[in-house]
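>
In my numbering, the protein residues as written are 7 to 797.
#1: Just to confirm my understanding: we take residue 544, look at its own chain, exclude 5 residues before and 5 after, and list those with CB closer than 6 Å. What are they?
#2: Would a C-beta distance cut-off of 9 Å place residue 274 and residue 246 closer than the cut-off?
#3: So which of 551, 629 and 101 has the shortest CA-CA distance to residue 597?
#4: Just to confirm the assignment: which complete alpha helix (DSSP H) runs, minimum length 4, are found wholly within the segment 611-653?
#5: Along the chain, where does the alpha helix (DSSP H) containing residue 412 start, and where does it finish?
#6: State the Cα-Cα distance for the pair residue 110 and residue 169, rounded to the nearest angstrom.
#7: Can you tell me where the alpha helix (DSSP H) with residue 480 in it begins and where it stops?
#8: Could you give the distance in angstroms between the alpha-carbon of residue 511 and the alpha-carbon of residue 286?
#9: Looking at residue 712: is its Cβ nearer than 9 Å to the Cβ of residue 689?
#10: What ranges does the beta strand (DSSP E) occupy inside the segment 154-202, keeping only unbroken runs of at least 3 residues that lie completely in it?
#11: With burial defined as no fewer than 16 other Cβ atoms inside 10 Å of the residue's Cβ, what is the status of residue 677: buried or exposed?
#12: Could you compute how far the alpha carbon of residue 72 sits from the alpha carbon of residue 573?
#13: Do you know offhand how far residue 664's Cα is from residue 578's?
#14: Report, in whole angstroms, the separation of the C-beta atoms of residue 482 and residue 417, which I expect to be a contact under 8 Å.
#15: Going by alpha carbons, who is nearest to residue 325 out of 167, 296, 290 and 241?
#16: So which of 134, 135, 133 and 129 has the shortest CA-CA distance to residue 161?
#17: Which first and last residues belong to the beta strand (DSSP E) in which residue 555 is found?
#18: Pull up the CB-CB distance for residue 403 and residue 557, whole angstroms please, since I reckon it's below 8 Å.
#19: Tell me the start and end of each unbroken alpha helix (DSSP H) in the segment 646-690 that is at least 4 residues and wholly inside, in chain order.
#20: Unbroken beta strand (DSSP E) runs of length 3 or more, entirely within the segment 492-548: which are they?
#21: For residue 123, which residues in the same chain have their Cβ closer than 8 Å to its Cβ, ignoring the five residues on either side in sequence?
#22: Within its chain, find whatever has a CB closer than 7 Å to the CB of residue 338; leave out the 5 residues flanking it on each side and keep chain order.
#23: Which residue wins for smallest C-alpha separation from residue 641, given the options 630, 152, 80 and 449?
#24: Do residue 566 and residue 880 come within 9 Å of each other at the CB atom, strictly closer than that value?
#25: Rounded to whole angstroms, how far is the Cβ of residue 591 from the Cβ of residue 462, which I believe are closer than 8 Å?
#26: Based on Cα-Cα distance, which residue from 121, 75, 714 and 350 lies nearest to residue 153?
#27: For residue 351, count neighbouring C-beta atoms within 10 Å of its own C-beta (all shown protein chains included) and say buried if the count is 16 or more, exposed if not.
#28: Evaluate contact between the segment 428-440 and the segment 513-525, counting only Cβ atoms and requiring at least three cross-stretch pairs below 8 Å.
#29: Suppose the cutoff is 7 Å on Cβ atoms and the five residues either side in sequence are ignored; what does the same chain contact list for residue 272 look like?
#30: Contact between the segment 138-154 and the segment 215-226: three or more CB pairs below 8 Å?
#31: Establish whether the CB of residue 417 and some CB of chain C are separated by less than 9 Å.
#32: Specify the secondary structure class of residue 837 as computed by DSSP and reduced to three states.
#33: Would you check if the distance between the CB atom of residue 446 and the CB atom of residue 455 is smaller than 9 Å?
#34: Grouping DSSP H, G and I as helix and E and B as strand, with all else coil, what is residue 552?
#35: Determine the DSSP secondary structure at residue 336, reduced to helix, strand or coil.
#36: List the endpoints of the continuous alpha helix (DSSP H) containing residue 87.
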């Protein structure tokens with residue numbers, strides 16, 4: 007008997023059976039994980055929770071040639087909003103309370119929303135914030151014609167912040183919008199306030215239950231030495247990214263990404279915005295690190311591990327000397343103020359270069375401003391902005407000034423090299439003026455038939471007008487470029503190219519007029535359209551001192567790692583041009599420039615006639631208007647020593663009229679360089695023997711008296727320092743004035759002196775430290791992390 011055939015099982019049925027079996031296995035496992043052993047696994051998950059946070063890296067410092075810190079870091083506190091500790095439903099209310107307390111304590115909070123309330127209580131766009139406004143509209147897909155009210159409605163809908171006053175609504179919208187733009191997350195806390203005082207940190211720590219998620223963190227802020235007015239035009243500053251900066255970062259691939267580029271720029275990051283801070287941004291900016299934090303079920307930190315150490319930025323060493331820079335600043339201010347005969351003399355600039363390398367030793371612009379105050383005091387910012395003398399304007403690099411007679415050595419070099427004149431040529435009989443056709447130009451005196459030596463030392467306009475006419479403008483223009491006159495020096499910062507007069511330039515700047523021989527004559531004496539920057543004049547002078555070979559002018563000496571023990575990059579001199587001057591030609595012009603200072607008839611003899619070192623110099627008085635309604639500029643160039651040039655100096659006194667004021671500035675710089683007369687931080691003068699002297703050289707205090715005063719001052723400071731380290735109760739016992747002194751602590755008192763890099767635990771102020779157990783050590787339940795904000 008045949009058995010009945012069983013039906014064949016198809017492939018699809020087999021697949022269904024397999025899938026069903028696998029599904030049943032997963033169901034069984036899920037029942038075990040979630041129901042049978044759910045509580046067990048839940049506790050395991052809670053007891054081993056790991057988060058990764060980012061560690062900020064210190065920005066590199068900028069030092070002078072001797073290691074003096076010009077731009078450095080000061081440890082401070084930030085208040086951050088930590089997503090790991092925030093209460094989601096209360097975040098808007100928390101923001102309102104936090105900002106209210108910050109404002110009550112006079113602290114600033116990060117507010118970048120380009121919308122404000124006007125006097126009528128209406129939302130309006132902030133002035134001069136077009137890029138930020140456009141970015142805001144783009145974020146919420148609003149039309150270009152959207153109003154501030156439209157933007158606020160979009161923000162209110164996005165962040166659910168209705169129900170508050172219009173002012174508080176704006177506060178919430180501003181903070182939440184910035185949080186979004188900065189990529190706020192569990193691993194990326196949001197900085198709500200920067201550089202807050204230790205006292206404010208203590209207040210927030212004591213009231214932490216009111217501000218869930220708000221905690222202090224050690225940070226760094228940029229500071230510009232003890233004297234913020236030393237070199238603000240050169241150093242520049244650091245500031246928050248602008249919308250253009252952020253978009254540029256997106257385009258060049260340097261924007262922040264938590265996975266691929268954790269060191270990239272965030273919306274709330276800062277960067278170098280001007281000066282050397284901007285020029286060397288890529289070197290100064292550090293790289294963020296990462297730290298893993300393991301917490302238990304109570305939220306207490308069990309362990310922390312730096313998985314990727316932050317890398318501090320590199321340190322930039324300059325050729326600049328803080329001492330020479332200080333003296334240049336002091337002397338400019340003194341001589342501008344002393345020049346009471348010039349009604350409109352309010353500004354000037356001075357530049358000193360190392361002749362061997364063309365490194366910038368000093369680069370001063372007056373009036374100046376204090377960068378430290380500028381970054382901390384809004385009223386000071388307003389004051390500077392309203393100052394008609396424009397203290398923020400960098401006259402040394404951006405100011406173009408009519409040079410006058412300091413241009414004449416270049417004309418002499420070109421004419422001698424081209425054979426237009428010889429050392430003994432006396433081409434024109436100067437009777438106090440130069441006459442050509444219907445052109446009459448005044449001279450500085452009656453020089454008769456002067457040779458090139460007399461023409462340079464006595465600054466004879468007639469000689470150089472005639473020489474320039476024979477040299478012709480084409481050759482004059484070509485030689486000017488060899489000396490960086492009318493062309494950029496190549497320095498790392500933004501600079502003006504100035505103007506070198508030429509037929510082409512004249513046609514562009516004076517439409518409808520044509521070049522004439524009379525303009526060539528005026529150009530030869532540093533007039534016409536000639537306008538050069540002080541750094542160009544210093545480069546020109548250094549080029550003469552260097553035998554007609556021009557090197558690239560530069561601020562950088564070298565770049566090292568943060569600690570300075572490894573050279574990353576050393577500056578290498580770069581030749582820019584060579585005028586091909588013969589030694590005979592150079593010798594003639596150098597002798598003529600020597601006589602400017604050493605000959606009794608020389609225009610700088612009164613200032614430098616008995617100077618201890620032989621120098622080459624040239625004075626200038628440059629007309630600034632054709633009708634004489636404005637006072638002339640005073641200009642001066644010099645290099646020294648004559649036979650082995652080391653330093654070249656250029657000074658411009660804007661509308662200085664007449665006198666030796668520009669020469670005085672150069673002399674003060676040279677005195678400091680050679681050690682003949684030095685100046686301290688307070689401006690006091692000292693001779694080479696250490697005696698304190700006045701500006702005329704009269705001894706005010708002997709070297710012994712100065713040394714004794716210094717010793718007494720140091721002893722007093724030592725005693726004060728030791729007293730400040732006594733326990734508070736003992737200080738109160740020793741001095742009734744201690745309470746007064748403690749109420750005016752420096753902003754960074756009690757803050758670590760070195761930036762946190764993830765390798766050591768920074769010390770917070772006493773008010774934010776966790777309580778000690780009976781044994782005197784921290785209780786184990788408190789997080790052992792630099793980001794912990796208090797119990």
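Note that CB positions come from ideal geometry on N, CA and C, so glycine has one too.
Note that the structure is a prediction, hence the values are computed from the model and not measured.
The structure says:
#1: Reading the chain shown from its first residue, position 538 is the one you call residue 544. Excluding positions up to five away in sequence, the list reads 357, 359, 654 and 656.
#2: Within the chain shown, numbered from 1, the residue matching residue 274 stands at position 268. Within the chain shown, numbered from 1, the residue matching residue 246 stands at position 240. In contact: residue 274 and residue 246 (Cβ atoms closer than 9 Å).
#3: Numbered from 1 along the chain shown, position 591 holds the residue referred to as residue 597. Taking only the C-alpha atoms, the option nearest residue 597 is 551.
#4: 611-614
#5: For this step, residue 412 is matched to residue 406 along the chain shown. Element bounds for residue 412: n/a, residue is neither H nor E.
#6: The residue given as residue 110 occupies position 104 in the chain shown. The residue given as residue 169 occupies position 163 in the chain shown. So the two alpha carbons sit approximately 23 Å from each other.
#7: Residue mapping note: residue 480 aligns to position 474 of the chain shown, counting from 1. Element bounds for residue 480: 479-488.
#8: Here residue 511 refers to the residue found at position 505 of the chain shown. Here residue 286 refers to the residue found at position 280 of the chain shown. When rounded, the separation of the alpha-carbon atoms in residue 511 and residue 286 is 34 Å.
#9: Reading the chain shown from its first residue, position 706 is the one you call residue 712. Reading the chain shown from its first residue, position 683 is the one you call residue 689. Going by C-beta atoms, residue 712 is not nearer than 9 Å to residue 689.
#10: If we require 3 residues or more, the beta strand (DSSP E) runs fully inside the segment 154-202 come out as 196-202.
#11: Translated into the one-based positions of the chain shown, residue 677 becomes position 671. Residue environment analysis places residue 677 among the buried positions, since at least 16 neighbouring C-beta atoms fall within 10 angstroms of its C-beta.
#12: Here residue 72 refers to the residue found at position 66 when the chain shown is read from its first residue. Here residue 573 refers to the residue found at position 567 when the chain shown is read from its first residue. The straight-line gap from Cα to Cα measures roughly 16 Å.
#13: Taking the chain shown and counting its residues from 1, the one referred to as residue 664 is at position 658. Taking the chain shown and counting its residues from 1, the one referred to as residue 578 is at position 572. Rounded to whole angstroms, residue 664 to residue 578 spans 40 Å at the Cα level.
#14: Taking the chain shown and counting its residues from 1, the one referred to as residue 482 is at position 476. Taking the chain shown and counting its residues from 1, the one referred to as residue 417 is at position 411. Yes, they are in contact, since the Cβ atoms of residue 482 and residue 417 sit about 7 Å apart, within 8 Å.
#15: Looking up residue 325 in the chain shown gives position 319. Closest by alpha carbon: 241.
#16: Along the chain shown, read from residue 1 onward, the residue named residue 161 stands at position 155. Selected option, being the one with the closest Cα: 129.
#17: Translated into the one-based positions of the chain shown, residue 555 becomes position 549. That run of the beta strand (DSSP E) goes 555-557.
#18: What you label residue 403 is simply residue 397 of the chain shown in a count that begins at 1. What you label residue 557 is simply residue 551 of the chain shown in a count that begins at 1. In this structure residue 403 is not in contact with residue 557, their Cβ atoms being roughly 17 Å apart against a cut-off of 8 Å.
#19: With a minimum length of 4 residues, the continuous alpha helix (DSSP H) runs that stay inside the segment 646-690 are 667-680.
#20: none
#21: Numbered from its first residue, the chain shown carries residue 123 at position 117. Residues 129, 130, 172, 173 and 176 of the same chain have their beta carbon placed closer than 8 Å to that of residue 123, with the five preceding and five following residues left out of the count.
#22: Here residue 338 refers to the residue found at position 332 when the chain shown is read from its first residue. These residues qualify, in order along the chain: 354, 356, 370, 372 and 671.
#23: As a working mapping, residue 641 is identified with position 635 in the chain shown. Closest by alpha carbon: 630.
#24: No answer is possible for residue 880: the residues shown for the chain start at 7 and end at 797.
#25: Your numbering for residue 591 matches position 585 in the chain shown. Your numbering for residue 462 matches position 456 in the chain shown. With 8 Å as the limit, residue 591 and residue 462 do not qualify as a contact, their Cβ atoms being about 13 Å apart.
#26: For this step, residue 153 is matched to residue 147 along the chain shown. Checking every option, the nearest Cα to that of residue 153 belongs to 121.
#27: Counting from one through the chain shown, the residue named residue 351 turns up at place 345. So residue 351 ends up on the buried side.
#28: Taking 8 Å as the limit for Cβ pairs, the verdict is that the segment 513-525 does not touch the segment 428-440.
#29: In the chain shown, residue 272 corresponds to position 266, counting from 1. 188, 189 and 262, listed in sequence order.
#30: no
#31: Protein chain content of the structure displayed is limited to a single chain, and chain C is not contained in it.
#32: There is simply no residue 837 to check, as the chain begins at 7 and stops at 797 in what is shown.
#33: In the chain shown, the residue the question calls residue 446 occupies position 440. In the chain shown, the residue the question calls residue 455 occupies position 449. No. Outside cutoff.
#34: Indexing the chain shown from 1 puts residue 552 at position 546. Reduced to three states, the DSSP call for residue 552 is coil.
#35: As a first step, residue 336 is located in the chain shown; it is residue number 330 there, counting from the start. Here residue 336 sits in helix by DSSP.
#36: Numbered from its first residue, the chain shown carries residue 87 at position 81. Residue 87 -> not in any alpha helix (DSSP H); beta strand (DSSP E) instead, spanning 75-87.
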